[in-house]
Structures are given as structure tokens and as C-alpha cells.
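> Here's a structure for you.
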Amino acid sequence: MRTYRVPPVDRPADTSLADAVFRNAADHPDTVAFRRWPDGADVTAAEFAAEVTAVAKGLAAAGVRAGDRVALLSATRYEWTVLDYAIWAAGAVVVPVYDTASVEQIRWILANSGAVRCVVENGTQAATVAAACADRPVPVWRLDEDTLGRLARRAAEVTDEEFERRRDVDPDDVATIIHTSGTTGRAKGVVVTHRNFLANLDGFLDRLGDVFSPGGAVVLFLSPAHIFTRTMQCAAVVRRVRVTHVPDPAELPASLAVVRPTVLPLVPRFMEKLRDAAPGGDAGAALGGRCAAIVVGGAPHGDDLRDFYRSAGIAVYEGYGLTEVAGPATINGPAEQRTGTVGRPLPGVAVRLADDGEIFIRGDCVSRAYHGDPAATADALVDGWLRTGDVGSLDDGYLRITGRKKELVITAGGKNVDVTALESRLRAHPLVGNAMVVGDRRPFVACLVFADRAALRARGRGDGDGDHDADPALRAEVEAAVKEANEAVSRAESIRAFRIVDDELSVANGGLTASLKIRRDVVQARYAAEIDALYRKARQHEK
Numbered sequence: 010m011r012t013y014r015v016p017p018v019d020r021p022a023d024t025s026l027a028d029a030v031f032r033n034a035a036d037h038p039d040t041v042a043f044r045r046w047p048d049g050a051d052v053t054a055a056e057f058a059a060e061v062t063a064v065a066k067g068l069a070a071a072g073v074r075a076g077d078r079v080a081l082l083s084a085t086r087y088e089w090t091v092l093d094y095a096i097w098a099a100g101a102v103v104v105p106v107y108d109t110a111s112v113e114q115i116r117w118i119l120a121n122s123g124a125v126r127c128v129v130e131n132g133t134q135a136a137t138v139a140a141a142c143a144d145r146p147v148p149v150w151r152l153d154e155d156t157l158g159r160l161a162r163r164a165a166e167v168t169d170e171e172f173e174r175r176r177d178v179d180p181d182d183v184a185t186i187i188h189t190s191g192t193t194g195r196a197k198g199v200v201v202t203h204r205n206f207l208a209n210l211d212g213f214l215d216r217l218g219d220v221f222s223p224g225g226a227v228v229l230f231l232s233p234a235h236i237f238t239r240t241m242q243c244a245a246v247v248r249r250v251r252v253t254h255v256p257d258p259a260e261l262p263a264s265l266a267v268v269r270p271t272v273l274p275l276v277p278r279f280m281e282k283l284r285d286a287a288p289g290g291d292a293g294a295a296l297g298g299r300c301a302a303i304v305v306g307g308a309p310h311g312d313d314l315r316d317f318y319r320s321a322g323i324a325v326y327e328g329y330g331l332t333e334v335a336g337p338a339t340i341n342g343p344a345e346q347r348t349g350t351v352g353r354p355l356p357g358v359a360v361r362l363a364d365d366g367e368i369f370i371r372g373d374c375v376s377r378a379y380h381g382d383p384a385a386t387a388d389a390l391v392d393g394w395l396r397t398g399d400v401g402s403l404d405d406g407y408l409r410i411t412g413r414k415k416e417l418v419i420t421a422g423g424k425n426v427d428v429t430a431l432e433s434r435l436r437a438h439p440l441v442g443n444a445m446v447v448g449d450r451r452p453f454v455a456c457l458v459f460a461d462r463a464a465l466r467a468r469g470r471g472d473g474d475g476d477h478d479a480d481p482a483l484r485a486e487v488e489a490a491v492k493e494a495n496e497a498v499s500r501a502e503s504i505r506a507f508r509i510v511d512d513e514l515s516v517a518n519g520g521l522t523a524s525l526k527i528r529r530d531v532v533q534a535r536y537a538a539e540i541d542a543l544y545r546k547a548r549q550h551e552k
């Protein structure tokens, strides 16, 4: 195995992710920590710490104990961040849930984590949670019913001494349990401790240097249920970079013009959208006029995107990370970057390549377990090294991602999609012989469907040949199967388009392995034209 390790940086005395909030309030009380959208109201470091304290005391008064799990199901908004830090300050554990999650996903996440409360935005989400937890009711608090205010008004029930005791957590206490897609069909709950997250933040901020500087500004619009957004949130708080939350991505261009961020976290899909909307092709005007850096996460991006922004003097820093390492494991920074790679390991991180090129990661940032899943934990951790399932190469310490062993698709929007759940449901349909979900670096998830020729012959379709995609009756049946498969996933993960291919996959033609698994790289290359046509047709339909 080849190994490359970067020594850790000197770590501050923080033991909790919430410590930075109170340090900022003590040392820089009048610094504007947040600017609300769309009203533009400022929240100082002192005001934010006071709100976090009041809500944390309110949580304790409401019966949330140290170590309890509290779920947050909400779009990106200021209240999400208040609750994130308040739950930590109360000694409890945050369980983020995507606001687009399906009933099935919510049921699993809340049950697996053992959440004692779930905070949602509104009545619609509350009803979804109630449906998901019919057999195990979980109390729900709604943000549109002034949950933060009601919790803050109970702060007087908890003494300052009790609050400080709760806030003084051990760094190895669990900070958050984040459920991430895997190859088993069910999301695994990644246990992230305060030490894991703080170690990652130390390395991330050290590598990016002045990209995060006091007095700067950042817009957060991607879901905080994703580790990428969470990293950017915590990095901004540590470095006193003013944060503005934009719940609706459609408002991103307008918010950039007002907030004028100095650094912006993006996934490739939004890099494309902002490029296409840039007036006169001016990337600088499109990002508010003073953005110096884009931090790319979630999915790989093309050279054309990087070059477009760099031509306007905007640095693009791409990294590679996983929930299991509490954020990025490698990243290109201002002082050391190499085009075509995802950078060198962060300080305190070691990267090792197995003989088959699989990437292994070690460091204080690596999660110690999947919650309630010792078998998955034992499979993922080997002598303290995390098996990533991704394949790469190392050159002078710079990591290049060359493939993936996991059955995952990563869209251009940075969404990790577990294809096994979708594909297994589709294959259960009697007319579907096989199915392969596609969507890597694409704007949405789609699927190639291979009809079962024997089943078609049994239905009187001759030898099963012909233009299957043009058969309205067959398309209608497959469309119903796709709709049923989509019920297991969120909207962002759902199949939005499909094409019925006039072919079949087999071991003989190289489409399947000996164990009948799809050879994704082979099928992707063989049907590249069909995949391109599928997305081209979908774009034309949208117009």
C-alpha cells in the first residue's frame, strides 16, 4: 500500500463545536455573525450566543437530556444553525434530515437514531413525520409555531451552572449522526464526535488559510443535512465570516447581488446555473462582485467550469470528502494545488491506496462507527483505516479520483444516490429484466431499463425484439414501476427520466459480472449515446 500523511496542526483548546460561539461573543461581541435573508437584519456574535444559550436551556427544560438525539428536518435557514449549536450546547446530538426525504427514509432515520424530538418547519412536514412514525410516535416541534421563542422563554428554568455543566462535553461525545447512502439500500447513520468534526475543521481552515477571514461573507443555500454545508457553516463561525442563509435556491442570484460573498460553497450543478445566468458571461458580477473563492463539494466538476471562474479571478478549490471523515479529507488550497486532482490530505489526515487502488483514510476526523450497525462498522474500518470504496492514484501526495467501487451515483447537484434501492425495486417488475440508474455529473437521476424479453414473448410480443421505448403500453407499465420505485427515495434522488433499451445485459456480452452485478463502466460506455439522448430529450421537454 502507498501512504501519504500530512502532520496535524496545533489544535485549540475547544472540546465542543459550540465553544467557538461563546469565544466569539466574549472576544468580538459586536461582530456581525449573521445577516438574515431577505430582511437584512444583522445578528451580532453576542446576540447569537445569547440566543443559542436561551434555546439550549429551553431544550433542557423541555426534557432533552445529555446524549439525547434531536432530529432537524428543515430547509437551509438561520433557525437551523441556532438549533444545531443549541443542541450541542445542551450536550445533545443533532440528527439532520433532508427536507426532501421520503416517508420511508424519515421513518428509518428517526428509528435508527432513536430521536426523542423532531423539529420541522411547518404543518406539512409535521404531517409527514407523523405518517412516518405512526408505530413509534416522535414529538414534533414546528418552527412556524415559534418553537425557538417558546424554548427561549423556558430558559429561566435552568440555572447557569447547569447550562455550563451540560455545555462542557467530552470531545469524544457524539455531536451528530448523519445518515448517508450506502450499498445496502438503507442509509447508514454515521456517528460524528466533536473531536472528529473539530479535527476536520482544523485541517480544512489551515489548508484554505485566508479564504475564510474575519469580515468576510458567505451564502449558505445547500442543505445543512449534507456534511459539506455543515463544514462551511462551522468554518464560518470559527473564523467570524458573516453567514446568510437562503432557503430557496431560486433566490440565490438575487441574494448574491445583495450579500456580495467573499467565499461561496457550490456544487457543480449550481456552478453551471450561475455561469449560464452570468450577464455578459461575467462571473464576477454573477457572484456579487467581490467573491474571491469557490469551494466545490459533492461531485467532480469539469475543466470548463473551473476555467470560466478562474478567468474572472475567482479561485476554485476542489476537494474530496465523505460524511465518515466529517467533511473533506483532501482539498486544493491557495498555497498548494494541482489541476485535475482533489488536493493533498488535510493536516492530520493520512491517505493510503490499496493494491487495487481503493482509497483508505485515517485520522482523528474518521468516524468510529455506524450507529447501531456493528457489521457495517467492521466492514468499513480496518485497523483504524476507513475503506472509502473509491479508487484513486497518488502523485506527490495529490489525490486523483479515478473510479468508485460503491454502487452510488453523484449528481451534478452533489446528491449521493444509492442506486441499489431504486434498481432492486425496478427489477422486481415482471417486464423489467435489468435496470441501471445513471446521473453522475448530470442534473438529475435517470435510468436505462432493459426489458425482460422472455416476459415480453409471454405477453405476445413475438421474440421480444423491436423499439421498446416507442411502445406506449410498455412505457406506461415501466413508468408505473419507476413511480413505485421513487416512493423509497427523496425527490432529489428520484428517477426523472428513463429509456427502454432494445438490448439485454448478460455475462456473455460483458454487461454483467459472474455474480450477475452490472458492470457499470462497460454499460455506461456501451450506451453512452442512449444516455446522452435521454438527457437531451429531457432538456428539450423542459423548454
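Read in order, the letters of the sequence shown correspond to residues 10 to 552 in my numbering.
We treat Cβ as the ideally placed atom computed from N, Cα and C, and that holds for glycine.
Since this is a predicted model, take the numbers as computed values, not measurements.
Would you call S111 buried or exposed, if buried means 16 or more other Cβ atoms sit within 10 Å of its Cβ?
Within the sequence shown, numbered from 1, the residue matching residue 111 stands at position 102. So S111 counts as buried.
> CB-CB under 6 Å to G336, same chain, minus the five flanking residues each way: which ones, in chain order?
Mapped onto the sequence shown, residue 336 falls at position 327. The residues are N209, I236, T240 and G330.
> Could you tell me which whole beta strand (DSSP E) segments of length 3 or greater appear in the stretch 433 to 504?
441 to 447 and 454 to 460
> Can you name the residues that DSSP bridges to K197?
The residue given as residue 197 occupies position 188 in the sequence shown. BP columns for K197 point to T189.
> Between S499 and V454, is the Cβ-Cβ spacing less than 8 Å?
Locating residue 499 in the sequence shown gives position 490, counting from the first residue. Locating residue 454 in the sequence shown gives position 445, counting from the first residue. In terms of Cβ geometry, S499 and V454 do not form a close pair [threshold 8 Å].
> Based on Cα-Cα distance, which residue from A363, T339, G366 and L362 lies nearest to R353?
Position 344 of the sequence shown, counting from 1, holds the residue named residue 353. Closest by alpha carbon: T339.
> I need the DSSP call for Y544, collapsed to helix, strand or coil.
Within the sequence shown, the letter at position 535 stands for residue 544. Looking at Y544 - three-state DSSP - the assignment turns out to be helix.
> Quick one: is K526 buried, meaning 16 or more other Cβ sit within 10 Å of its Cβ, or exposed?
By one-based count along the sequence shown, residue 526 stands at place 517. Classification for K526: exposed.
> Ordered along the chain, which non-local residues of its own chain (more than five positions away) have a Cβ less than 8 Å from that of L68?
Locating residue 68 in the sequence shown gives position 59, where the first residue counts as 1. Here the set comprises V79, A95, I96, A99, A101 and L160.
> Cβ of E281 within 8 Å of Cβ of V305?
Working through the sequence shown from its first residue, we reach residue 281 at position 272. Working through the sequence shown from its first residue, we reach residue 305 at position 296. Their beta carbons are not under 8 Å apart, which means E281 does not touch V305 by this criterion.
> Identify the residues that DSSP records as bridge partners of C127: which are they?
Within the sequence shown, numbered from 1, the residue matching residue 127 stands at position 118. Its beta-bridge partners are A80 and V149.
> Give me the residue from D144, A135, A517 and A139 with the minimum Cα distance to D153.
Here residue 153 corresponds to residue number 144 of the sequence shown, with the count starting at 1. Taking only the C-alpha atoms, the option nearest D153 is A135.
> Considering only the beta carbon of each residue, do R436 and N443 sit closer than 8 Å?
Walking along the sequence shown from the start, residue 436 turns up at place 427. Walking along the sequence shown from the start, residue 443 turns up at place 434. For R436 and N443, yes; Cβs fall inside 8 Å.
> Would you identify the three-state DSSP class for I236, choosing helix, strand or coil?
For the purposes of this step, residue 236 is taken as residue 227 along the sequence shown, with counting starting at 1. Three-state DSSP puts I236 in a helix.
> What are the start and end residues of the alpha helix (DSSP H) that includes R32?
The residue you call residue 32 lines up with position 23 of the sequence shown. Looking at the DSSP string, the run of the alpha helix (DSSP H) that includes R32 is D28 to D36.
> Measuring straight from C-alpha to C-alpha, what distance separates P47 and V106?
If you number the sequence shown from 1, residue 47 lands on position 38. If you number the sequence shown from 1, residue 106 lands on position 97. Taking the straight line from one Cα to the other gives about 24 Å.
> How big is the Cα-Cα spacing for K492 and L431?
Position 483 of the sequence shown, counted from the first residue, corresponds to residue 492. Position 422 of the sequence shown, counted from the first residue, corresponds to residue 431. Approximately 10 Å, taken between the alpha carbons.
> DSSP has T202 in a bridge; who is on the other side?
Here residue 202 refers to the residue found at position 193 when the sequence shown is read from its first residue. Note: T202 sits in a beta bridge opposite V183.
> To the nearest angstrom, report how far apart A266 and T386 are at their CA atoms.
Taking the sequence shown and counting its residues from 1, the one referred to as residue 266 is at position 257. Taking the sequence shown and counting its residues from 1, the one referred to as residue 386 is at position 377. Each residue's alpha carbon lies about 45 Å from the other.
> Beta carbon of I368, beta carbon of G401: below 8 Å?
Walking along the sequence shown from the start, residue 368 turns up at place 359. Walking along the sequence shown from the start, residue 401 turns up at place 392. Yes, the pair counts as a contact, with Cβ atoms nearer than the cut-off.
> Distance, Cα to Cα, D182 vs E113?
As a working note, residue 182 is residue 173 in the sequence shown. As a working note, residue 113 is residue 104 in the sequence shown. Taking the straight line from one Cα to the other gives about 29 Å.
> So the beta strand (DSSP E) A324 belongs to, where does it begin and stop?
Working through the sequence shown from its first residue, we reach residue 324 at position 315. Looking at the DSSP string, the run of the beta strand (DSSP E) that includes A324 is A324 to L331.
> State buried or exposed for Q549, treating a residue as buried only when at least 16 other CB atoms are found within 10 Å of its CB.
Residue 549 sits at position 540 when you count from the first residue of the sequence shown. It counts as exposed.
> Counting pairs of Cβ atoms below 8 Å between the stretch 39 to 46 and the stretch 244 to 257, do you hit three or more?
yes
> Helix, strand or coil for N425 per DSSP?
Within the sequence shown, residue 425 is the residue found at index 416, counting from 1. Three-state result, N425: strand.
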